[in-house]
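Chains A and B, in that order, give the protein sequences.
Sequential numbering of the first sequence, starting at 18, is according to this note's numbering.
Sequential numbering of the second sequence, starting at 1401, is according to this note's numbering.
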Amino acid sequence: MIEVHQLTKRYGSTLAVDGLSFQVPRGVVTGFLGPNGAGKSTTMRMMLDLDRPTSGSVTIDGRAYHQLHQPLKHIGALLEAKAVHPGRTAYNHLLWLARSNRIPAGRVDEVLGLVGLREVAKRKSGGFSLGMGQRLGIAAALLGDPKILMFDEPVNGLDPEGILWVRNLMKSLAQEGRTVFVSSHLMSEMALTADHLVVIGQGRLLANLSMNDFIDQNSHGFVRVRTPQPEALLDALAMARISTRPLAEGGFEVIDGNPAQIGDLARDHGISLHELSPQRASLEEAFMQMTADSVEYRTGDIHPSADGTAPPPPEDAGVARTGAADSGGWGAQWNRTSGKRRKES
Amino acid sequence: MGDFSAVLFSEWTKVRTVRSTWITLLVAFVVTVGLGAVISAVTNSQWNSMSDRDRLTFDATSTSFSGIYLGQLAVIVFAVLVVGNEYSSGMIRATLAAVPQRITLLLAKTVVVLVLVLPVALVTCFVTFFLGQALLGDHGTSIGSTHVLRAVVGAALYMTFIALLSLGVGFMLRKPVLSLGLLMPFFFLISPILSNVPKVKTVAHYFPDIAGTQMARVVGDNSVPYGPTAGLFICLAWVAACLVGGYALLKRRDA
Ligand SMILES: Nc1ncnc2c1ncn2[C@@H]1O[C@H](COP(=O)(O)OP(=O)(O)O)[C@@H](O)[C@H]1O
Ligand SMILES: [Mg+2]
């Protein structure tokens, strides 16, 4: 298991990661979510002992990364930067990696097959497309058959086919009992793959919870209803004290509605329904609001506690979740004026 | 300290699987041998127009090694790229993730450069010597003469030391353009010029290339206040300083 403890990284005047603490649960896909510049890549580099933390620590199964014997057999990582020499063939790139950790050379052919690069194994990686480069990076991560996998923005720049492939790969890795830690700046991507979420903004922890909890807390459900007898149904709903909202394209939404209840109600009043579909507000919106607030909070006010208006950031996962529950969800706790979202670069 | 032999094998695999390794080392061989041959042939043909003083201090062995002056640049490129390529491609992160013990990595690269450059330099220097002596004709010397074998081996050691020193600089400056931008002008222009400037030259005499030149001489250079053995140790001190400096920065810095 990966444990991140009070991790802080400062580059000159930039505080890239700020007192970050969380644990990556075993055997599931954990999404590491945050807008560009939130500190995801920096955190991942510190997990691999590539960047030195200003303070704090990371342990993998209780040990620092550099204390792992043959680390590729514990953790496989795909980092954001393309990390291959353009003049070396895909096969030889994997070969030197394999040799550094005493992984048999036969495994190189195996992972090349796994990622579908066997045909181009003897070609120089300099001529690879972005998708092929990404596959080579994933092959390198899988090389040591590690229990933990870490991917930094793996679908960035991939075509739809590649994106689908990466999603399925991550799910199947978790199904094999592996721990998958994957970063993204897109909520929609995480919603499709992650079982657990760690959300950061401006280097700080914003949320650490299961995907289901995130959905429950952040997406307000409603039911879309269409009927040829709208007046009758609206009356029936009003009598049952269920609030509604008309839709521009006809029909209406029942806020926080339960489809079974609405269907029964319609039947009791002899009303026919042409549509009865549960809907969810976009998670992307919830995520944007959450991070926009943190961005504004961090850039607009260096000492937020002094003016007493900004809420203190959650100290750790436990506090974060309790806070969320108390105040009725993330939107509530972090809801300040509409945040100027930092431009994504 | 990590699994040194595995890392060594891995570093060897890296070096052997890029074309720049073989191109730079081949260029080092061709230039050193070729330029040495040309200068030896020219010296032979111009012998009669040389001053008496030049004839008295004439060193047939070191004349045949004149091409090292240019050939060393290819050796520098080779060694700088061994580490610089990793920084320019971003591969250093893959390397350090696979080998997080940075001392192990630096030592493995050092050993790989050593075991690759030393034999190439020995072959280069022996070929250069025999071809140069043949072209010097009557003015040439033989391998059996006093101190000649020592000078030939000394020249090969010098090329090897330049490679190791460049590797250390490569670790310090990371970007190949920076390392080459420092090392190439230094060895090609700055050091040769400074070592001829009065006063400055008392310091410049301890530069690695001047010290290395003493190792490859049979007839002592009376403008330099030390002999071949001291030259060897001065060169070694430069190599050690650059590698220690490279390690200090590699250990401290973010990848
Ligand atoms: N090597 C570095 N030197 C200086 N600043 C850096 C460096 N790496 C990252 N940063 C800064 O740290 C912050 C976090 O960056 P990063 O970890 O790349 O974010 P993310 O991966 O979430 O997009 C950004 O403001 C970025 O500019
Ligand atoms: Mg990033």
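Cβ coordinates follow ideal geometry from the N, Cα and C atoms, glycine included.
Here the structure is a predicted model, which is why all the values come from computation and not from measurement.
Cutoff 7 Å: residue i Cβ touching any chain B Cβ
| i | result |
| --- | --- |
| residue 100 of chain A | yes |
| residue 104 of chain A | yes |
| residue 119 of chain A | yes |
| residue 199 of chain A | no |
| residue 182 of chain A | no |
| residue 89 of chain A | yes |
| residue 83 of chain A | yes |
| residue 94 of chain A | yes |
| residue 67 of chain A | yes |
Beta strand (DSSP E) segment containing residue i, residue limits
| i | result |
| --- | --- |
| residue 50 of chain A | 46-50 |
| residue 110 of chain A | It is not in any beta strand (DSSP E) - residue 110 of chain A instead sits in the alpha helix (DSSP H) that spans 107-117. |
| residue 94 of chain A | 92-95 |
| residue 239 of chain A | 238-243 |
| residue 20 of chain A | 19-28 |
| residue 32 of chain A | 31-41 |
Cβ of residue i within 7 Å of any chain A Cβ
| i | result |
| --- | --- |
| residue 1421 of chain B | no |
| residue 1575 of chain B | no |
| residue 1478 of chain B | no |
| residue 1481 of chain B | no |
| residue 1410 of chain B | yes |
| residue 1491 of chain B | yes |
| residue 1448 of chain B | no |
| residue 1444 of chain B | no |
| residue 1601 of chain B | no |
| residue 1654 of chain B | yes |
| residue 1649 of chain B | no |
Straight-line gap, residue i to residue j (C-alpha atoms, nearest Å)
| i | j | result |
| --- | --- | --- |
| residue 185 of chain A | residue 127 of chain A | 18 Å |
| residue 133 of chain A | residue 1651 of chain B | 37 Å |
| residue 111 of chain A | residue 229 of chain A | 38 Å |
| residue 1404 of chain B | residue 1649 of chain B | 21 Å |
| residue 197 of chain A | residue 1414 of chain B | 29 Å |
| residue 326 of chain A | residue 207 of chain A | With a pLDDT of 41 at residue 326 of chain A, under the threshold of 50, the predicted position of this residue should be treated as unreliable, though the coordinate-derived value follows. Whole-angstrom Cα-Cα distance: 32 Å. |
| residue 1527 of chain B | residue 1640 of chain B | 29 Å |
| residue 173 of chain A | residue 71 of chain A | 29 Å |
| residue 1559 of chain B | residue 1475 of chain B | 7 Å |
| residue 168 of chain A | residue 225 of chain A | 18 Å |
| residue 1634 of chain B | residue 1645 of chain B | 16 Å |
| residue 1492 of chain B | residue 1654 of chain B | 11 Å |
| residue 79 of chain A | residue 1570 of chain B | 35 Å |
| residue 282 of chain A | residue 56 of chain A | 50 Å |
| residue 306 of chain A | residue 215 of chain A | 16 Å |
| residue 1407 of chain B | residue 187 of chain A | 30 Å |
| residue 148 of chain A | residue 103 of chain A | 15 Å |
| residue 22 of chain A | residue 32 of chain A | 16 Å |
| residue 107 of chain A | residue 1588 of chain B | 37 Å |
| residue 1520 of chain B | residue 1616 of chain B | 16 Å |
| residue 129 of chain A | residue 300 of chain A | 36 Å |
| residue 163 of chain A | residue 91 of chain A | 5 Å |
Assigned secondary structure, residue i (DSSP; H/G/I helix, E/B strand, else coil)
| i | result |
| --- | --- |
| residue 1607 of chain B | coil |
| residue 401 of chain A | As shown, chain A starts at 18 and ends at 362. That puts residue 401 of chain A outside it, with no answer to give. |
| residue 1542 of chain B | coil |
| residue 100 of chain A | coil |
| residue 83 of chain A | helix |
| residue 73 of chain A | strand |
| residue 58 of chain A | helix |
| residue 194 of chain A | coil |
| residue 288 of chain A | coil |
| residue 293 of chain A | strand |
| residue 1592 of chain B | helix |
| residue 200 of chain A | strand |
| residue 216 of chain A | strand |
| residue 259 of chain A | coil |
| residue 266 of chain A | coil |
| residue 232 of chain A | helix |
| residue 1512 of chain B | helix |
| residue 1597 of chain B | coil |
For residue i, the first and last residue of its enclosing alpha helix (DSSP H)
| i | result |
| --- | --- |
| residue 1404 of chain B | 1404-1416 |
| residue 225 of chain A | Element bounds for residue 225 of chain A: not the alpha helix (DSSP H) but the beta strand (DSSP E), 221-227. |
| residue 1552 of chain B | 1548-1573 |
| residue 1617 of chain B | Neither: residue 1617 of chain B is in no alpha helix (DSSP H) and is coded neither H nor E. |
| residue 1624 of chain B | Taken as a continuous stretch (DSSP letters only), residue 1624 of chain B belongs to no alpha helix (DSSP H), as it is neither H nor E. |
Q) Unbroken alpha helix (DSSP H) runs of length 4 or more, entirely within the segment 125-190 of chain A: which are they? A) 147-159
Q: Scan the segment 1429-1505 of chain B and note each continuous alpha helix (DSSP H) run of 4 residues or more that stays entirely inside, going in chain order.
A: 1452-1456, 1460-1464, 1468-1489 and 1491-1498
Q | Where the segment 1413-1441 of chain B meets chain C: residues whose CB sits under 8 Å from a CB there | A | Of the protein chains in the structure, A and B, none is chain C.
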